Amino acid sequence: MGLRGRGTVLFSCPKGTAPSAHCLWMVMLLLFGIWDAQAQTEGDTKSTYVWKTGPWGRCMGSECGLGGSQSRAVWCAHIEGWTTLHTNCLQTERPDNQQSCFRVCDWHKELYDWQLGDWDQCQPVALMNSGSYKRPECTKGEEGLQTREVSCVQKSNGAPAEDVICEYFEPKPRLEQACLIPCPQDCVVSEFSSWSKCSKTCGRGLEHRIRSVLAPPLFGGSACPNLTEFQPCQFSACESEESMYSLKVGPWSSCSLPHSRPVRQAGKRRKNKGKEKGVKDPETRELIKKKRNRNRQNRQDSKFWDLQIGYQTRQVTCTHKNGIIVALNLCTQEKLPVTFQSCIITKDCEVTEWSEWGPCSKDCYDVNSPKGARTRRRSVKQFPVGGGAECPELEEQEQCAPQGDGVPPCPSYAWRTTEWSECRVDTLLSQQDRRRGNQTGLCGGGVQTREVYCVQGNEELLSYLNTLQEKEESQSESKQKPGVAPLLSITFEITASRPVDSELCAGPVQNTTKLCHIVCPIECEVSSWTAWGPCTYENCEDQVGKKGFKLRKRRIINEPRGGTGNCPHLTEAIPCDEPTCYDWQLVKLGECLPDNEKTCGPGTQTPQVECVNSDGEEVDRQLCGDAIYPTPIVCEVPCLKDCVLSTWSKWSSCSHTCSGKTTEGKQTRARSILAYAGEGGVQCPNSSALQEVRSCNDHPCTVYHWQTGTWGQCIEDPSVSTINSSTSWSGEPTCSVGMQTRKVICVRVNVGQVPPKKCPESLRPDTVRPCLLPCKKDCIVTPYSDWTPCPSSCQEGDRSIKKQSRNRVIIQLPANGGQDCPEVLYEEKECETSSVCPGFRWKTHKWRRCQLVPWYVRQDSPGTHETCGPGLQTRAISCRKQDGGQADIGECLKNCRFMPPITQPCQLPCQNDCQLTNWSKFSSCSADCAGVRTRKRALVGKSKKREKCRNNQMFPLTETQYCPCDKYNAQPVGNWSDCILPDGKVEGILGMKVLGDIKECGQGYRSQAMVCYDQNNRIVETSRCNSHGYIEEACIIPCPSDCKLSEWSNWSRCSKSCGSGVKVRSKWLREKPYNGGRPCPKLDHVNQAQVYEVVPCHSDCSQYVWAAEPWSVWKVSYVDLKENCGEGVQTRKVRCMQNTIDGPSDQVEDYLCDPEDMPLGARESKLPCPEDCVLSDWAPWSRCPLSCSGNSTHARSAYPIRKPGEGRDCPSFTETEACSLNKNCYHYTYNVTDWSTCQLSEKAVCGNGIKTRMLDCVRSDGKSVDLKYCKELGLEKNWQMNMSCVVECPVNCQLSDWAAWSECSESCGLLGKMWRKRTVIQPSQGDGRPCPSQMEQWKPCPVKPCYRWQYSRWSECKVDDAQCGEGVRFRNISCFVFDGSKEDHGSTVDEERCEKVEPSVDGGKDIILEEICAVPCPGDCYLTDWTEWSPCQLSCVNGEVLDFGAVQVRSRAVIAQEQDNQQQCPEQMWESRPCADGECYEYKWMTSPWRGSSRSIWCQRSDGLNVTGGCPLTSQPVSDRSCDPPCNKPQSYCTELGVCGCEVGFTEVMTSDGVLDQCTLIPVLEMPTMGDKKADVKTSRAINPTQPSTNQPGHGGRTWFLQPFGQDGKLKTWVYGVAAGAFVLLIFIVSMIYLACKRPKKPQRRQNNRLKPLTLAYDGDADM
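Sequential numbering from 26 applies to the sequence shown in the numbering used here.
Structure, rendered in C-alpha cells:
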C-alpha cells in the first residue's frame, strides 16, 4: 500500500497516450528500487536476529564409549538479548541441537588419564602484561608465570581424547602457576693461593697462584673471573744448555678388531694342509677335539657375553718447548714407549623386549581400597663390557585393578567390640589403707571397659558366594538346570567372627571405656517406737483365753533397695493378762459439783469418755459394752476460809518402759497451794500430799518379736509356669519364675530364740515369696584367629627360633549358671625350622691364554721379534648355588654383590724377563703376639741362572710379617637405657588390660651397650670380647602413690537447733601424692584437704523443751500472822530436756533450748487471804490476729477456784494486751535454704546423686520456728526440694601395650637405638590417675662394626718411557672399619670384612681404580685437576631460603709454564651439580682500619671465608679518602672525612667557599718560670695528644704555660683539684640562695611519739 501510494505521488503517465520511453524508464527505476528495498530488508533481518545455543547436556546412551548422544538448547534472539520466534533467524544457519558423543563409564578410569606437560620457562608477569619491559632493581626475586600443556590421553598408546572424558573422573589440572624469577647471582671464587714455585730452576720462568669457584653464576649473574694469576720469576743463568725437546706420548686410539683369522691364515692353511693330516693320528686328533670341547665350555656364554679382544695404538712425538712437534730423532732416548696394547671391544648392554604384564596382585573388586600392582620384566641379552652403556631397569610395575563380571568383592574389615565389662568403681583416692576401708560394696559412678578387635566384615557373604559358585559349577558339570540363587533372602547363622590382624581395619576405633553407674543400696530406715499399747487380744475377732499382748510399733520411712534388702522388725510384743480389744478412754473431766447442791465442799467430777480400740481409734460405743465404764471422780470446791489448791498437773512420762525385779515404772503429778486456810477452814495438806505417784508400764521386761533371715537364692519352681522367656544366641529359654525362702524365728530381746508361741502368730512374716530367675548367659568366645604367619621360607643369617600365635576373644562372660569360658585364649607354637636361603655365588673358570696385539701391528716396533709382552686374557664366569649346582645368572646378579672381573692384563715373558711363581700363603703362627710368619716364591726356568733375576732387592723371594696380635678389650659406651620392666602377659576382664593390671612400676633392668676394640683400637664384633653386647643392671621404676586422705569425719551437729541448718563432714590429708599418683584436692593452709560434704539438716524445734518442776510453797514476804497471806514468792526448777514420744527424758545443756521459751523460775504475787477470791493460774495468751495492727489485742484468762466472801470481789478473769509486731505478734513465711553439695550414697564415690534443700518457717523477726506455724497458715510452697546431680567419676589414664621394638636407628656403629612407643587409650578425667610422661622408651642396639670401601689417594700421573703426554694414575680400594660417628675416619682391615658391603664408595657404585691423566710437557699450558666439590649452597636472601634448590661446584684452573705460550692455553673450566642438605651463606663487605688515606676492603662469607664476588657492588665501601684539592698548606693533613685539617696546636682558617686557607697557631697564656726551657702548647683540639710537640720559633725563654694535658695525654692532677673546688663553691652559693629565699613554716603540734604504734610489714603466714 505504501509503495503504491508513493508511486502515484512520484510520477504519472498521461492518460490516453501510449507508454513513452520516459514512462518505461520510470517503471524500471521503480522496480529496481523495490528490489533494493527488499534486499536491504533481508540484510537488516539477518543482522538483527542471531541464533543462540546453550551448553551441551550430559552424554546419554545405552552403551559405554562411542555411540552416545547429547543435546543442547537452540533459540533465536534479538541482538539486544530478548528471545524471538525461530522464523526471524535464518534457518540455514541454525546450529545443531544434537550430536554424537563419547559416553563415559566408571571403568574408563583405567583407560584414560590426564597427560601433564613440563612447565615452561618462568616469564615475568610485567613482560606478559605489556610489551615493553624494564627489569626493576632486584632484592629477592621477581614474580613470574609459567604454563604447561594438559591433555586427556589414552593410557595404552597416548592417543589424544576429549577432555570431557578425563573431566568426568578428575578436574582438569591447572595450566599455569606462579613462579619466582630469582635475582642474578654472580660467580663467587675463593682467595688466591700462595705463589707457586718457579716453573724453571734456572733462567726465566713463571710462577702462578690459583683460586677455585665456590658458587657458580646463576640466573644471569656475572661470569667467573680468571682463576689463575701469573708473574715472571728470574733465577741465575743456566750452567748447561736447556733441554729444548721432550718425548710425548699421545692418547690411545679406540679399540679396533684385528683382521679376521681366515684372512690372515688363508695362505698358511694352504701350505700346511697336507702336512697337518700327515702328522696327526686319529687318537691325537680325538684328544685335541676333547680339549677344544672342554675349553669351549669354559668360554663365555654367547647369551650374555660377546667378548672380543682387539688392539689400540698411540703416537709418540717429539715436541719443542714452544709446543711445536719436531722430528722424533731430536729426542734422544734409548727405549721408546710402547705404541700398542690389547683391549676389549666395547659392547653396550642389550636387553630383550618387555614381557607381557603379569597378573594383578589384587584379585577382587573394591573401589575404596588401594589398587594392586602388576609387573613385567625383560632380560639381558648382552652384558656391557669395555665400559659400554649400563643395562636399563629390567622390571617395572604399574597400578592395576581387576575387571570383569566374575571378579569377587574384596574382603572388608570392620571393628568389633566385646561385651562391656561389669561396672567397676574405683575409690575416689585409691591406695587407701586397706585396714581402714572396705572397698567391696562400692557403688555409684564407675567405668566399664571392653576390647576392640578386627574382623572380616563380609566373611559370611564371601563364603556364601563361594559355596554358591561351587554349586553352580557342580550343576553345570552334571548338566542340570541351575537354580536361581536366593540373593535377596540370604540368612546367616549368627556366630562370632574370628579376629584378624588389627592393621587390616581402617577408620576410627570405637571407645574402649565408658562411664557407668552402680545403683547404690538404700538401707531400710524406720521410725522410732511408739508407746506401748494396751493389753489386747492377738486377734480381736477370735478372743480366746485370758492372755494377750501389749504392742509397740514403728514404721518404714525409706523402703530398702539393693543391699541386704531387709528391714528390722517393726513390732514388739509383751505378754499380758486380761486383754481387751476395746476400752473407754477419758476425754476430759467435767466441772466439780459440790454434793447436796452446796456452794462449796466435797463434790464429784463426771468424766467424758469415748470408746477406742487397741490402736487408740474411736469406735462405736457399743463395742465397749464389756468394758468398765469410768466412775465419777471425787473433788472439792474450797469454801471461803479453806485452803485452796491448784489442779493436778499432767502425769509425767513413765520412768521405765517395763517393770522387773529391780525396775518399776513410775509417773508423778503435782499441785500447789494457791491460798492458805483461815480460822475454821480446812487446812492445807502437808507437802507430801501435794504430789502423787502411780505405777506405769507394770508389764514385765520380756519383749518378744519375730526375726527374719535374709532371702535365699532364687530357685526354679517347676509348679509355676514361665511368665517370660527369651532366647539367647544358643536358642535356650533362660528366664522363669522361681521362689525364695527365709528363716523366721521368735526372739526374746536380750535372750535369743524362744518357742514361736511366745510371739503373736498373726504377725508372723512370710517365709516364702515368688522371684524371677535371672537369665542364664553362656560364655561366647570368638573362633581362634588364623596363626600369625611364620617368617619367609628361608632366613639369612637369623638362627633364632620363630614362633607363631593365635588368639580368641571373649565377647560375653557367663552369668547365672551359664557355660564357663575356656581357660586358654592364647596359643603359641614354634614355626617349622626354616630352611637356609639358597645362596648363590660366582664361579670363575680358568683364565684363557694371554692374547697379544696381532703380529702385523707390532712387527714394525723395535724389539718385537719375540712373541712376548703385555696382553689381555679373559675367563668365563658362571652362577652356582651354594651346593655347586647350576643357577640362572640373574640370581647371582640379584644376590651377589661383586661380579668377578672377566678380563685382566697379562704378560707373556720374554726371553730376558725374570719369571717367578706366585706367592705362597703365609706360614702359620705359633702364638699370637709373638714371632713372625713368612711367605715365599721361586724363580722359574732360565730365570734361575740370570744374574739380574737373582738380585733379592729387585726380586725378593721371601716376605716376612709379624704375627697378628689379637688382644681385645671391652668397654661400655653411650648412656644407660630407660628402665624397662620385664614383659609379662596379664589377662584382664574379657581379655582386656585395665588400669592396675598392667605392671607399670617395680624392678626392671636398664642396659648399656658394650663395644669391643682390638689392640690397634679398631672396633670389632663384641663376640671377640666374650660379650653379648650389653651390660645390665637392676633399676626401679617407682610406683605412683596417690594422695591419701583420711576417712570421713563424723557429721557435725546441725548448725541450728530449730529449723533448717547445715551439717558438715570432711577429710584430712594423710599423705601427699608422688611419682605421678592421683593429685590431691586443693589444700588449705593447715593441710586439711578441702574435701568436705555439706548437707542441710532440719532440727525439730520441739526436740529440746524446757521442763519445769512444780512451784514451791509460797514464801510470804510481809507475813500476816493471823491470815498467812500477803505478798509472797514461789520458785521452781527449770531444766532443758530432750523430748521423746514419751515426753521429756534426758537433761541436756540449756543452750539447746530456746531461751525465749524458757519458763520463769520464780514469781512474785499476792497470796490471797481467807475469804479472798482465788483464781486459777493464767491460761496461755491467745494468738494475735495476723494483721498485727496497733488496734488489735490478745488476751488470757483464768477461772475462780474459791469464790470471794461478802463485800469482796474477784479480780478480772481476763487480761488483754495490745498486739505489737515482732513483740507478741508475728508474721510467718517459708524460707528455702541453699542447695546442698551433691549427696551420694554412703558407699558411692561418684556418679549420680541428689542435691537437697529444705523449707524453713521464719518468723518476721528472723527467728526460725517450727514448721507448724507456717502449715497452720496454709502458706504455699512451690519449691523443688530435690534435684539430681552428678559427681564426676575418676577415670584413670589407660595406656596401650608397648608396641614392638623398632628397627635399629643405625645399621651399625655406636649410636644405634631401638624405640618403642605406647599411646593413650583413655585420658584421665576428674581425680583419676594422670597419664605418665614417658610414652616412649629406648635401649641401645648391639654394637656392630661399620665397614665401608674407601679409596686411597691417587698416585702421581705416570708416563712410561716418556717425559710427558697421556699417562695413567692408580689408586687402591681398601676396607675400612669405623664406629659410625663423624669423628671416626676409620682404620683399614682385611678385605674379607667388607664382603657383605655394597661395592660403592661415597655413594658411587662404579669402582674406578685407574684413570687416564696427563703429564704436561715443559712449556705446555694445561688445566689443573678438578678441585673438590664445594660445600652445598642454597639460594638465600637475608637468611630466608628460596625454593631454587642447592648447588655445588668444582673448577679447573689454567697453568702456564712459558710466558710465550700463554696464547695457546685452554679455557678454564667449572661445572656444577644439584645437591641436598645445603647451607645458607651470606656475604658482606669487610674493611681494615684507615692507613693514611686508604684502607683495604674485601668480601667475606658468613663462615669466615674471604671470597671474591657475592657482595653487592652497590654497597661497596670506599677504599680511598684522598683530599681534593690536596692538603699542601703548612701543618695541614687529610682527615677521615676527606677534607683538609690542621695538626695539633693549630686552628683552621677557612676561605668563603669552605677550603682551608691556612693553619694558625693557637695563642697561649705565658707565665714566666725559672729554668723552664720547653714550651707546652695548650690546644682546644687534641687529635693526638701523646705526640710530642716541637718548639715553635720565637717562643723560647723562661715561661710557663697553663697546659692541662700531660705528655702521656692524660689530665694533670691540678685540673682535678681546680674542678673539685669550683664544684664545692657552686654548691655553697646555691644553698645560701635557697635558705635566704625559703619561707618559714607554721609551728606544728608536738606529737607524742610514745603513742605511735609499731607496724610490722609481713607478707607471709597469716598466723604470724
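In this text, a Cβ means the ideal position worked out from N, Cα and C, and glycines have one as well. None of these values were measured; they are calculated from a predicted model.
Asked	Found
Distance, residue 1524 Cα to residue 1574 Cα	40 Å
Exposed unless 16 or more other CB atoms sit within 10 angstroms - verdict on residue 233	buried
Start-end ranges of the alpha helix (DSSP H) lying completely within the region 693 to 748, minimum 4 residues	none
Proximity of residue 811 and residue 833 at Cβ, strictly below 8 Å	no
Residue 555: first and last residue of the uninterrupted alpha helix (DSSP H) it sits in	Per DSSP, residue 555 belongs to no alpha helix (DSSP H) and is neither H nor E.
Residue 1645: first and last residue of the uninterrupted beta strand (DSSP E) it sits in	Taken as a continuous stretch (DSSP letters only), residue 1645 belongs to no beta strand (DSSP E), being part of the alpha helix (DSSP H) at 1638 to 1662.
Helix, strand or coil at residue 1125 [DSSP, three-state]	coil
Status (buried if at least 16 other CB within 10 Å, exposed otherwise) for residue 865	buried
Cβ neighbours of residue 992 in the same chain (closer than 6 Å, five flanking residues each side left out)	1040
Validate contact between the region 1202 to 1212 and the region 679 to 687 using beta carbons, cut 8 Å, 3 pairs	no
Beta-carbon proximity of residue 1161 to residue 1122, cut-off 8 Å	no
Nearest residue (CA-CA) to residue 1698, options 802, 1490, 1154, 1228	A query on residue 1698 cannot be resolved here, the shown segment of the chain reaching from 26 to 1689 and no further.
Nearest-angstrom Cβ-Cβ length linking residue 800 and residue 730, presumed shorter than 8 Å	Contact flag wrong, Cβ pair sits at about 38 Å.
Cβ pair residue 1005, residue 1364 closer than 8 Å	yes
Collapsed DSSP secondary structure at residue 1526 in the structure displayed	strand
Selected residue, minimal CA-CA separation from residue 1243, among 1265, 672, 1233, 1220	1220
Contact under 8 Å by Cβ, residue 1454 with residue 238	no
Residue 1376 versus residue 1429 - alpha carbon distance	12 Å
Which of helix, strand or coil DSSP assigns to residue 781	helix
Distance between residue 272 and residue 1389 (C-alpha atoms, nearest Å)	6 Å
Coarse secondary structure for residue 681, derived from DSSP in three states	coil
Candidates 130, 728, 135, 171: closest to residue 142 by CA position	171
C-beta atoms of residue 236 and residue 221 nearer than 8 Å	no
Between the CA atoms of residue 1445 and residue 1482 - distance to the nearest angstrom	6 Å
The alpha helix (DSSP H) enclosing residue 1296, as first and last residue numbers	1292 to 1298
DSSP state of residue 402 mapped onto helix, strand, coil	strand
Boundaries (first-last residue) of the beta strand (DSSP E) holding residue 1158	Premise fails: residue 1158 is in no beta strand (DSSP E) and is neither H nor E.
Beta-carbon proximity list for residue 173, same chain, < 7 Å, skipping 5 on both sides	141, 142, 143, 144, 145, 200
Close-in-space but distant-in-sequence residues of the same chain around residue 1412 (CB under 7 Å, 5 per side omitted)	1041, 1043, 1401, 1402
Cβ shell of residue 794 (< 6 Å), same chain only, five flanking positions each side left out	765
Bounding residues of the alpha helix (DSSP H) (the contiguous stretch that carries residue 973)	Element bounds for residue 973: n/a, residue is neither H nor E.
Cβ neighbours of residue 356 in the same chain (closer than 6 Å, five flanking residues each side left out)	270, 272, 343
Neighbour-count burial assignment, residue 583, 16 or more Cβ in a 10 Å radius	exposed
Residue 188: first and last residue of the uninterrupted alpha helix (DSSP H) it sits in	188 to 192
Beta-carbon spacing of residue 150, residue 169 below 8 Å	yes
Contact set for residue 1706: own chain, Cβ-Cβ below 7 Å, skip 5 residues either direction	Past the boundaries of the shown model lies residue 1706; the chain is included only from 26 to 1689, so the question cannot be answered.
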